[in-house]
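Take the sequence shown: its position 31, counted from the start at 1, is 31 in full-length UniProt numbering, and no numbers get skipped. Here a beta-carbon is modelled for each residue, glycine too, at the ideal position from N, C-alpha and C. Read through the structure below, which is laid out as structure tokens, and then see the notes.
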Amino acid sequence: MAPILVSMEIGKDGIAIIRICNPPVNALTFSGDTSFLPDASVELVIDTIENGKKPSVAAIQGFALGGGLELAMGCSARIATSRAELGLPELKLGLIPGCGGTQRLPRLVGTSKAIEMLMSSKIITSEEGKEFGIIDDVVSSHEDLLTVSRLWALDIAEGRKPRTHTLQRTDKIKPIHESSAILEVQRQQVLKTPRSMPHYKVCLDVIEEGIVSGGYAGVLKEDKVFRELVLSKSAKALLHAYFAERATSKVPGITDCKIKHRKIEKVAVIGGGLMGSGIATALILSSIQVILKEINFDYLLKSLKSIEVNLHSLVKRGELLEKKMKKAFSLLKGVVDYEEFTNVDMVIEAVNEEVLLKQSIFEEIEKICPPHCIFASNTSTIDLNVIGARTKSQDRIVGTHLFSPAHVMPLLEIVQTENTSKLVILDVLKFAKIIQKIPIVVKNCTGFAVNRTFFPYMQGAEILANLGVDVFRVDRVITEFGMRIGPFQLFDLSGYSIFLASVKEFAAAFPDRTFQCPLVQLMMANGRTGKKNGRGYYLYKKGKIPEPDLSVLKIVEESRRLASIMPGGEPISVMDQEIVEMLFFPVVNEACRVIEEGVVLRASDLDVASIHGMKFPSERGGIMYWADSIGAEYIYARLKYWSKAYGNFFQPSQFLQEKATKGIPLLEL
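Shown next, in the form of structure tokens:
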């Protein structure tokens with residue numbers, strides 16, 4: 001028997017309570033299929049609710065996002081519980097609101113605020129909603145919500161309060177010439193934004209239609225555009241990424257068990273370099289008390305200054321209030337010893353990728369920290385069993401691999417060994433939610449899931465350079481594909497020494513498919529360290545866009561001579577598409593090995609990891625979704641061809657071969 005999605009009960013006061021219950025996100029459609037609700041915008045929201053014979057009041061508890069908020073904005077009034085969340089996040093899913101949101105939001109909050117909320121997919125609280133004009137009243141409890149909503153309905157029905165028709169309001173809409181100017185400024189901003197997708201500009205056009213031609217005309221245009229977008233490839237890809245992201249916090253055998261997580265309220269961070277200071281920043285911004293340890297006072301002062309700079313940059317960008325910044329900084333304490341570690345709930349080690357150093361730290365903290373304390377490492381490549389080899393607390397050791405800058409990048413790779421307790425994993429999953437990170441739980445191995453999967457991307461770039469392909473052309477092609485920066489600029493930003501340390505680890509673990517060449521060593525021998533000293537493949541000057549340094553081509557030529565892999569000693573000729581494929585197909589290939597070995601719980605976790613950890617273009621759905629759009633058979637054939645031409649680095653995995661042979665999608669396990 002199908003579940004009852006909508007129910008209605010009529011009280012003694014004559015007020016009908018209509019409840020919508022469609023888990024997990026209370027969508028207005030069956031199974032997310034918009035074809036089941038063909039005319040929601042006009043028939044439901046306008047004709048039935050907004051212009052119906054009887055007034056309606058939306059009672060909001062918890063969330064009113066997307067269609068839920070659009071439905072509420074069509075009502076005569078909106079009452080919400082405290083801290084309820086409101087927003088129209090459709091643009092980040094490749095769509096625009098489809099039930100009148102582009103028209104009613106400007107009429108409730110004004111053109112500028114509506115544009116801000118729509119363009120950023122910003123979620124606001126009910127308190128903010130009342131301040132802006134979306135919410136009419138905020139109550140403290142569920143019981144109060146129904147009571148107050150009933151009273152509002154009666155007051156409207158009996159004329160004590162006005163019945164408003166939001167679509168007909170114009171009091172918050174600026175004159176046409178002013179509104180058009182505001183929209184034009186935003187259009188120019190959209191055009192300047194890297195990788196901005198067309199639906200952002202289209203959304204602005206739809207808003208303008210309603211301002212110029214009236215709300216009803218705007219709704220009709222919105223409906224037409226929405227139907228076109230919902231069928232687009234980018235929208236389907238973004239929806240896949242959205243649901244893949246929601247799935248990552250569900251870990252069979254852990255989140256579905258009756259285990260109660262523990263609170264993590266005080267965390268020690270060891271190492272205040274780029275990663276450590278970023279981690280500390282992320283924690284204090286989430287109201288977690290932090291003890292930051294460095295080896296001496298000079299390093300400690302530099303670390304504290306870095307954190308202060310991180311906070312000030314957020315204030316400058318309007319992402320953090322001055323008051324919140326001061327409160328966050330007050331949660332931070334710097335130390336140069338372990339005395340303050342006696343009552344911490346968690347330690348995150350974020351020192352250099354040196355095995356002996358990490359081992360000595362874990363050995364030391366085991367002696368000082370309380371028995372419940374979680375021992376976490378931010379290592380990006382080193383086996384956790386090696387790091388914790390000298391300890392007796394194997395069940396408390398976990399990887400918490402964040403990505404730089406840690407206070408900005410949203411991914412948290414949670415690495416479990418065969419000994420890590422379920423409780424520790426559950427604790428860190430809850431911790432991820434507190435610090436507003438997207439978690440993926442992975443098994444312990446060299447490079448874990450993200451760096452192992454994407455290491456071939458950097459290796460592929462080196463191979464192309466040594467095969468005679470221009471390094472700046474490679475970066476241009478890859479940014480046109482949708483990556484924020486190309487691999488050679490990424491070399492500059494991430495640091496050459498970090499890359500060489502990774503090569504060492506991967507060469508030891510996977511010697512058959514690790515490509516080694518002298519290019520990075522030659523760059524360093526030439527006095528280049530990338531952005532760190534302003535000289536890498538690009539020249540870096542404060543306040544200016546990085547510029548290609550053509551003098552680096554001589555170094556590349558020397559690397560080609562020493563590597564000697566160009567067929568017949570001549571540069572290869574490749575199309576732009578081949579550059580993309582030669583960089584990303586090896587990534588797909590390694591992802592197949594990661595999936596086959598059970599390093600990730602589900603193939604779609606790698607889509608989430610690629611988008612949020614490596615900035616793979618979200619409009620392509622993630623690395624595995626993109627691969628399936630091409631087909632395993634084609635990817636396998638190209639890799640097989642390149643392996644014969646250029647070596648074992650391109651050798652297809654057994655998993656990929658099987659999928660290609662059987663014609664099975666890579667996402668299907």
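Straight-line Cα distance separating residue j from residue i
i      : j      : result
Gln103 : Val450 : 41 Å
Lys430 : Leu423 : 11 Å
Tyr457 : Met325 : 38 Å
Leu168 : Lys233 : Looking at the sequence shown, residue 168 is not Leu but Gln. Answer to the nearest angstrom: the Cα atoms are 35 Å apart.
Lys221 : Gly318 : 33 Å
Trp642 : Phe650 : 6 Å
Arg473 : Gly530 : 18 Å
Leu37  : Gly100 : Since pLDDT at Leu37 reaches only 47, below the 50 mark, its modelled position is unreliable, and the value read off the structure follows with that caveat. Taking the straight line from one Cα to the other gives about 14 Å.
Ala632 : His372 : 46 Å
Gly495 : Ser393 : 33 Å
Arg476 : Met566 : 22 Å
Asp576 : Lys437 : 35 Å
Val442 : Gly218 : 47 Å
Pro511 : Ala244 : 33 Å
Pro410 : Ala282 : 10 Å
Met524 : Val471 : 17 Å
Leu656 : Tyr538 : 36 Å
His165 : Glu590 : 56 Å
Gly399 : Lys263 : 18 Å
Asn352 : Ser551 : 31 Å
Asn378 : Ile115 : 38 Å
Gly622 : Asn51  : 43 Å
Glu597 : Pro370 : 35 Å
Val267 : Ser360 : 19 Å
Among the options, the one whose alpha carbon lies nearest that of residue i
i      : options                           : result
Asn22  : Ser7, Ser149 and Thr193           : Ser7
Leu493 : Gly536, Phe472, Arg473 and Glu418 : Gly536
Val428 : Pro97, Ile365, Pro518 and Leu402  : Leu402
Leu464 : Asp337, Ala563, Glu265 and Lys327 : Ala563
Pro518 : Lys531, Gly527 and Leu500         : Leu500
Gly74  : Gly94, Pro106 and Lys92           : Pro106
Met275 : Ser306, Val599 and Ile291         : Ser306
Ile10  : Leu146, Ser120 and Ala64          : Leu146
Leu357 : Met346, Gly388 and Asp345         : Gly388
Leu239 : Glu90, Ala508 and Ala84           : Glu90
Glu208 : Ser179, Tyr200 and Leu229         : Ser179
Ile20  : Glu43, Leu151, Phe63 and Gly14    : Phe63
Tyr540 : Leu669, Ala507, Thr514 and Gln489 : Gln489
Gly447 : Lys504, Ser82 and Ala268          : Lys504
Glu85  : Ile60, Thr479 and Val599          : Ile60
Leu292 : Ile374, Gly278 and Gly271         : Gly271
Residue i, buried or exposed, once every other Cβ within 10 Å from all chains shown has been counted against 16
i      : result
Lys260 : exposed
Ser35  : Low confidence applies here, because Ser35 scores a pLDDT of 48, under 50, leaving its location unreliable; read the following figure in that light. By the neighbour-count rule (16 or more Cβ atoms within 10 Å), Ser35 is not buried but exposed.
Asn526 : exposed
Glu184 : exposed
Gln309 : A small fix is needed here, since residue 309 is Val in this sequence, not Gln. Result: exposed.
Arg78  : buried
Cys257 : exposed
Asp298 : exposed
Asp171 : exposed
Gln188 : exposed
Pro55  : buried
Asn296 : exposed
Val608 : buried
Met1   : Residue placement at Met1 is flagged as unreliable, the pLDDT there being 46, under the threshold of 50; the coordinate-derived value follows with that caveat. Met1 should be labelled exposed.
Pro652 : buried
DSSP bridge partner residues for residue i (one or two, in chain order)
i      : result
Gln416 : Lys443
Leu539 : Arg535 and Glu547
Asp137 : Ile79
Met8   : Ile18
Gln289 : Lys266
Gly530 : Arg535
Met346 : Val267 and Ile374
Ile124 : Leu86
My parser needs the beta strand (DSSP E) runs of 3 or more residues fully inside the region 12 to 100; what are they?
Correct list: 16 to 20, 57 to 60, 63 to 65, 77 to 81 and 85 to 87.
Could you tell me which whole alpha helix (DSSP H) segments of length 4 or greater appear in the region 171 to 243?
176 to 192, 198 to 213 and 215 to 230
Quick one: which unbroken beta strand (DSSP E) runs of 3-plus residues sit fully inside the region 363 to 423? Chain order, please.
374 to 377, 397 to 402 and 411 to 416
Residue ranges of each alpha helix (DSSP H) within the region 430 to 494, 4 or longer
450 to 466, 471 to 481 and 487 to 494
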